[in-house]
Amino acid sequence: MKKNKKIILISIAVIVVAIIAYFAFGKKVETKIEYTSAKVEKTTIFKVVTATGTLNAQQTIDVGTQVSGIVSKIYVDFNDYVKKGQVIAMIDTVNLVSSVIDAEANVLKAKTQLILQERENERYKELLSKNAVSQSNFDEINTSYLAAKISLKSAQTQLSRAKTNLKYATITAPIDGVVISRVIEEGQTVAANFSAPTLFTIANDLSKMQLKASVDEADIGMVKVGQNVTFTVDAYSDLTFTGIVQQIRLQPVTSQNVVTYSVMIDVPNTDLKLLPGMSANLSIRVEEHKNVFSVPLASIFFNPTGDSLYNNSSSSDTSIIWVNCQPNSGVCQTFNSIKMMPIRVTKGIDNGSLMEINSENLKAGMTVYTGEKEVVVEKKAKLFSPPKKPKNALIKH
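To convert, count from 1 in the sequence shown and add 331; that's my numbering.
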């Protein structure tokens, strides 16, 4: 019994010592308010309209064939540069040459028949003048003569068509440019029935690209021809490219009840980094204000905790910003040991991160407060503090 009592007393003593040690040497947790800030600066503010788009060559032409047959030869491949009129492929000409030969034979046959019918027609005309034949007999011969003339004309047309088809077997580049697509192989059969099948796609000049952007109907009214554009692509996320609005198309595009308009943007591409089909995230600069005061957008909506006089509204043309106290201002307030003062400013345009502001009380370089946060501060707690010696205490020897 005495042994158990002794154990209990020892446990209590250990707990008491632990508590005393915690308060004597442990840490005390406190919180305080800290403020985030920035500087009032004079800068150029752009109001932008954001959109997405796709890059393409300014002009692309699909090269096809107007005759059916087997592809006998291909002279170019992807990324090859070609000149206008350059031979880029051939269709097998065996059947086409045969068609020309047959057409030439038909023309010769029609000419021979016409000569015979012409002679017969002249003979019957003379006999008719002598009343040696009836008018009906002459009309029959004359009709045969006219039919022979038509047959010759038809045969000549067939020959011309056969020669043209033979010419079509030689496929040439319609423009100067670069081959960006080839969809055929040697030995492949192509059929030109109702429309010419595409064999190649040629882009005229990849040093000048076109960006087709989809702009929301709510923003399209701010977009104008000639406005500057900046954009990025995933392939070069650390680079920013530029362009100029060239055309705003009037035809709306509706997808899932969302209406957009196509905006065509001319883009220089002298270093050929941009490729057809790349996706772009772009900003169209619809308004520009130079050398104006600007502050972070967060400062427009900031009110320090404890202030009950001011209330910022996002719909108002003016706002209160809080800056560091200025000499002789007379309106300084203290929040958590930080002195700051309110200034009413007129709001201008913003670019999503900075806002243009104006006030006669503004100066470049002012500290403007953008927010507050509660931070945890740990302090060492002390249960006992030794008495301080008086500054003028005498030391006894």
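Each residue gets a CB set at the ideal place from its N, CA and C atoms; glycine is no exception.
Neighbour-count burial assignment, residue i, 16 or more Cβ in a 10 Å radius
| i | result |
| --- | --- |
| L714 | Because the pLDDT of L714 is 49, which lies under 50, any placement of that residue in the model is unreliable, and the question is left without a value. |
| R513 | buried |
| Y476 | buried |
| A549 | exposed |
| S465 | exposed |
| A382 | buried |
| Y641 | exposed |
| P599 | exposed |
| T677 | exposed |
| T571 | exposed |
| G696 | exposed |
| A724 | Because A724 carries a pLDDT of 42, less than 50, the predicted location of this residue cannot be relied on, and no value is offered for it. |
| I726 | Per-residue confidence for I726 stands at a pLDDT of 40, beneath the threshold of 50, marking its modelled position as unreliable; the derived number appears in the next sentence. With fewer than 16 other Cβ atoms within 10 Å, it is exposed. |
| A479 | buried |
| Y592 | buried |
| H728 | Residue placement at H728 cannot be trusted, given a pLDDT of 39 that sits under 50; the coordinates are not used to answer. |
Residues sharing a beta bridge with residue i, DSSP
| i | result |
| --- | --- |
| Y700 | S368 |
| E618 | K378 |
| G518 | Note: G518 sits in no beta bridge, so no partner. |
| Y412 | V509 |
| T585 | V590 |
| Q578 | M595 |
| L613 | A382, F562 |
| K363 | V706 |
Start and end residues, beta strand (DSSP E) containing residue i
| i | result |
| --- | --- |
| Q808 | Residue 808 lies beyond the stretch modelled for the chain, which goes from 332 to 728, so this question has no answer here. |
| S593 | 589-599 |
| M672 | 669-681 |
| P635 | It is not in any beta strand (DSSP E) - P635 carries neither H nor E in the DSSP assignment. |
| N731 | Nothing about residue 731 can be read from this structure; the chain reaches only from 332 to 728. |
| Q405 | Sequence check: residue 405 is Ile here, not Gln. It spans 400-405 - the beta strand (DSSP E) in which I405 sits, taken as one unbroken run. |
| D393 | 391-395 |
| M421 | 418-422 |
| T665 | 664-666 |
| L542 | 539-547 |
| N655 | 649-655 |
| T529 | 529-534 |
Pairwise C-alpha distance: residue j and residue i
| i | j | result |
| --- | --- | --- |
| P635 | G702 | 8 angstroms |
| N682 | F562 | 15 angstroms |
| E500 | V509 | In the sequence under discussion, the amino acid at residue 500 is Ala, which differs from the Glu named in the question. Approximately 21 angstroms between the Cα atoms of the pair. |
| V662 | S368 | 19 angstroms |
| K722 | Q657 | For K722, the predicted model reports a pLDDT of 49, less than 50, meaning its position is unreliable and no value from the coordinates is stated. |
| G679 | V380 | 16 angstroms |
| L439 | G400 | 27 angstroms |
| V398 | K456 | 46 angstroms |
| F633 | I364 | 14 angstroms |
| V708 | N659 | 34 angstroms |
| K404 | T385 | 34 angstroms |
| N667 | T374 | 32 angstroms |
Residue range of the unbroken alpha helix (DSSP H) whose run includes residue i
| i | result |
| --- | --- |
| N468 | 466-499 |
| L628 | 628-631 |
Worksheet item: Counting pairs of Cβ atoms below 8 angstroms between the region 519-537 and the region 571-578, do you hit three or more?
Response: The region 519-537, when compared against the region 571-578, does not touch it at the 8 angstroms Cβ threshold.
Worksheet entry | Any 3 or more C-beta pairs closer than 8 angstroms across the region 531-549 and the region 606-624 | In this structure the region 531-549 touches the region 606-624; the number of beta carbon pairs closer than 8 angstroms is three or more.
Fill in: Inter-stretch contact at 8 angstroms, needing at least 3 Cβ pairs: the region 433-442 / the region 484-494
The region 433-442, when compared against the region 484-494, does touch it at the 8 angstroms Cβ threshold.
Discussion item. I'd like to know if the region 593-611 and the region 526-538 are in contact, where contact means that at least 3 CB-CB pairs between them fall below 8 angstroms.
Written reply: Yes, the region 593-611 is in contact with the region 526-538.
Practice prompt. Evaluate contact between the region 615-632 and the region 664-675, counting only Cβ atoms and requiring at least three cross-stretch pairs below 8 angstroms.
Written response: Because the criterion of three Cβ pairs below 8 angstroms is not met, the region 615-632 and the region 664-675 do not touch.
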